[in-house]
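Here's the structure we're looking at; comments come further down.
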Amino acid sequence: MTADHALTPRQQDDLRSVAAMMIPASSEYDVPGADDAAIQADILATLGRDTKQVSAALDHIARLAGEPLAALDGAKREAVVTEFRAGGGLPAATLARVILQCYYRDDRVLRSLGLEPRAPFPKGHVLPDGDWSLLDPVKARPAKLRGVP
Amino acid sequence: MNQAVDVLIIGAGASGAAVAWSLANTKMHILCLEQGGWMKPSEYPSTGRDWEAKFYGEWSTSPNIRGRPEDYPINDDHSPIKVVNFNGVGGSTIMYTAHWPRLHPSDFRVRTLDGVADDWPIDYDTLVPFFEENDRMMGVSGLSGDPRSPLTHPPMPPQPLGLSGPLIANAMNKLGWHWWPSDTTVATTDYEGRARCINLGHCTPACAQGAKASTDITYWPQALRAGVELKTHCRVREITTNEHGMASGVVYYDEDGVEQFQPAEVVILACNGVGTPRILLNSASGKFPDGLANSSGLVGRNLMFHPYAQIYGFVSEPTDSNRAPPTCLWSKEFYDTDLTRGFVRGYGIQFGRGAGPVFEAVVSEQKGILPWGPDHHRIFRRLNGHRLHVSAICEDLPETHNRVTLDPVLKDSHGIPAPRIDYTISENSQKMMAHGLARGREILETAGATDICVNSPIPWGGWHLLGTARMGTDPDRSVVNEWGRSHDVKNLFIVDGSVFVTSGGVNPTSTIQAIALYVADQIKQRLANLFD
């Protein structure tokens, strides 16, 4: 079984619907939604140890919805997701996390945030030294270290 | 059977590495058994695009979540604070923030000064030469002269203040409260073969640059060159004893899972405040029915964690986010006892520079301040890269009911009984945490922060594992004597955080390693009559 098949087609459809509700596309910020095909593919390919919890979360949604989320009207879909988030426990938290962790490493999203889409190593980052005169008032106060008999 | 060694050290982490290096110049045959392996920096999270996601899985601080073959499970269901650690050569120095305060002189005299807990059988001055030696070996950056901390001499300059440091500093100056750049084991210049920090930012789950000191790149290379032998993927099950009640060696499982016996003249435990009592309790025998070195009944008791009361908020100015080591400043404003606050003892404050985008999104969504739907993007841009943390690291006083025992059901992959933690936060600590949160709120609000959130205690905040085989002169009230030797078994030593009598209000690794070097020095001075 490949990672793509770790979730059933119905689960994958609901995952896409939930992701779109969580993070819709925005023309204002020029970013895709979390239902974007590349982001969904990243989620499915890297579910790994989270598969069981995510699967449980999507099964919970399926029970609440009774039919594919996408088939519900907006108000019903919203009600299902609200109930799911309120009572979903660890599976719901895991589902939210896997969506967010793949969304916020997408090149387009990172560029929109002004961040370079790269690993921290080996380039690292440059840090300003800062104004060390801020320490002057602390230095001006008398030393105070509790003594011992 | 394996050839007998003079000294057998269990654990290759902070204290095991230090004691091995120090004893190496005796030219004794020294062997260290480590349940984990050597680390591969090329596989550290910051080398990949999924660097933040790994923190939730194979690089989690919790062994229960991480679940690597070298990890052992810990039943911490009965504790509001969960144990975090790392198993491998370097131990939890692989996975720590590198914040490097020392215990204060007053921390060794808690009973005398404040009438609670107990005094240590040693004092700060005794440890000073070992603190200094350890700072040179680990490579410390910082600024000497903190008026409210013990005098240190960091060989490297402090980390830059960056963007977050001045925001915190300005707030603290407005309040008239103490702050100072932290001593850290992050190299700010090239140091002893280590490259300087380039601000990968994701320091806690290991440093791919090698700028953060971990004992696999500080003590161990020197110890190995000096002749110490280190065997990895060897998990000790128990310490054995002979007819004279002396330790005779250990039973361990080698890399292939084969049970082995390793005889030794001296056994040194360096497995942290959970691992050490676990081995001692698993070493029960006919002569030691309650576990080894446990005639006092105190093995596993008096567990101290340091409850972390964390508060954070978001300022309009940009912060360092993930572009810097996570900590840079500390405060000792509330470190000492002031009974008008309603509690005894005190806490250090550890300031945080910010977080990466995934962490920010996940945590803020969980806290309910990052909405789902069309407004998600606007709110996220207000939060991301604008976070400041304030954490009160509260002194946990020893209480015998806070303890490590053996779980009756849970076992590790070798079938060895796993530890169980029973721990509650005391009323004194609760008051201290509340005080820390209130002061933290003042700091954040003075800095202009909004959307203030609280994590108290930090649930996966059990980094500091202390007190479970305490040091003392009275065999009825302590497990080891004033130089780390078991009262009951005269060739058994403990050098990790288990021996702490009290916890202070600061991160303990510097003090743990200073104690390990001190015990090693005592062993060397007493070689002629070590077992008397």
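Just so you know, the sequences run in chain order A and B.
Going letter by letter, the first sequence gives residues 4 to 152 in the numbering used here.
Going letter by letter, the second sequence gives residues 57 to 588 in the numbering used here.
Note that beta-carbon positions come from the ideal geometry of N, C-alpha and C, so glycine has one too.
In this text the structure is predicted, and so the values were computed from the model without any measurement.
- Residues of the region 121-144 of chain A that bring their beta carbon within less than 8 Å of a beta carbon in chain B comprise R121, A122, P123, F124, P125, K126, G127, H128, V129, L130, P131, D132, G133, D134, W135, L137, L138, P140, V141, K142 and R144, in sequence order.
- When DSSP states are grouped into helix, strand and coil, R291/B belongs to the strand group.
- The alpha carbon of G496/B has as its nearest neighbour, out of S542/B, I579/B, I550/B and K388/B, the alpha carbon of K388/B.
- Residue environment analysis places L493/B among the buried positions, since at least 16 neighbouring C-beta atoms fall within 10 angstroms of its C-beta.
- Following the DSSP letters along the chain, one finds L72/A in no alpha helix (DSSP H), marked with neither H nor E.
- Classified as buried, P119/B has 16 or more neighbouring CB atoms from the shown chains inside 10 Å of its CB.
- In this chain, the beta strand (DSSP E) harbouring T461/B covers R459 to K467.
- In terms of CA proximity to Q104/A, D53/A leads the group D53/A, L75/A, Y32/A and A9/A.
- For S447/B, the enclosing beta strand (DSSP E) starts and ends at R443 to C450.
- Here the alpha carbons of A576/B and S78/B stand approximately 6 Å from one another.
- Within the model, the alpha-carbon separation for D246/B versus P473/B is close to 44 Å.
- Less than 8 Å separates the beta-carbon of N255/B from that of H128/A.
- Only those residues of the region 545-577 of chain B whose C-beta falls short of 9 Å from the nearest C-beta of chain A would be listed, and there are none.
- At a cut-off of 4 residues, the continuous stretches assigned as alpha helix (DSSP H) that sit fully inside the region 110-183 of chain B are 119-122 and 166-170.
- Secondary structure at W135/A: helix, using DSSP grouped into helix, strand and coil.
- Within its own chain, the residues whose Cβ lies closer than 8 Å to the Cβ of R167/B, once the five positions on either side in sequence are excluded, are A173, D174 and D175, listed in chain order.
- With its beta carbon less than 8 Å from one in chain A, N255/B belongs to the interface.
- E189/B does not reach chain A, its nearest Cβ partner there being about 22 Å away, counting only Cβ pairs nearer than 7 Å.
- Residue range G92 to Y106 is occupied by the alpha helix (DSSP H) that includes C105/A.
- When secondary structure is reduced to three states using DSSP, L325/B falls in the strand class.
- In chain A, no part has a C-beta under 8 Å from the C-beta of L500/B; the shortest such distance is about 17 Å.
- Within chain B, the residues P203, R204, H234, K388 and D392 have their CB atoms less than 9 Å from the CB of K147/A, given in chain order.
- If you draw a straight line from the Cα of V418/B to the Cα of C290/B, it is about 37 Å long.
- Spanning the alpha carbons of A490/B and D507/B requires a straight line of approximately 19 Å.
- Taking C-alpha positions only, I46/A is separated from E248/B by approximately 42 Å.
- Rounded to the nearest whole angstrom, the C-alpha separation of I178/B and R437/B is 52 Å.
- The beta carbon of L116/A falls within 8 Å of a beta carbon belonging to chain B, placing the residue at that interface.
- Across the set N141/B, E451/B, V323/B and S162/B, the C-alpha of N141/B shows the shortest separation from the C-alpha of R124/B.
- For F407/B, the enclosing beta strand (DSSP E) starts and ends at Y403 to G408.
- Between Y574/B and F186/B, the gap from beta carbon to beta carbon is short of 8 Å.
- DSSP places E315/B within a strand segment (E or B) once states are collapsed to three.
- A distance below 6 Å between beta-carbons, with the five flanking residues on each side excluded, links E311/B to the following residues of its chain, in chain order: H289.
- Under a 10 Å Cβ-count criterion, P210/B is classified as buried, with 16 or more other Cβ atoms of the shown protein chains found around its own Cβ.
- I121/B has its alpha-carbon roughly 18 Å from the corresponding atom of A99/A.
- In this structure, W235/B is the residue among A380/B, Q581/B, P427/B and W235/B with its C-alpha nearest to the C-alpha of I405/B.
- Contact between the region 450-459 of chain B and the region 136-149 of chain A is absent: fewer than three C-beta pairs spanning the two stretches fall below 8 Å.
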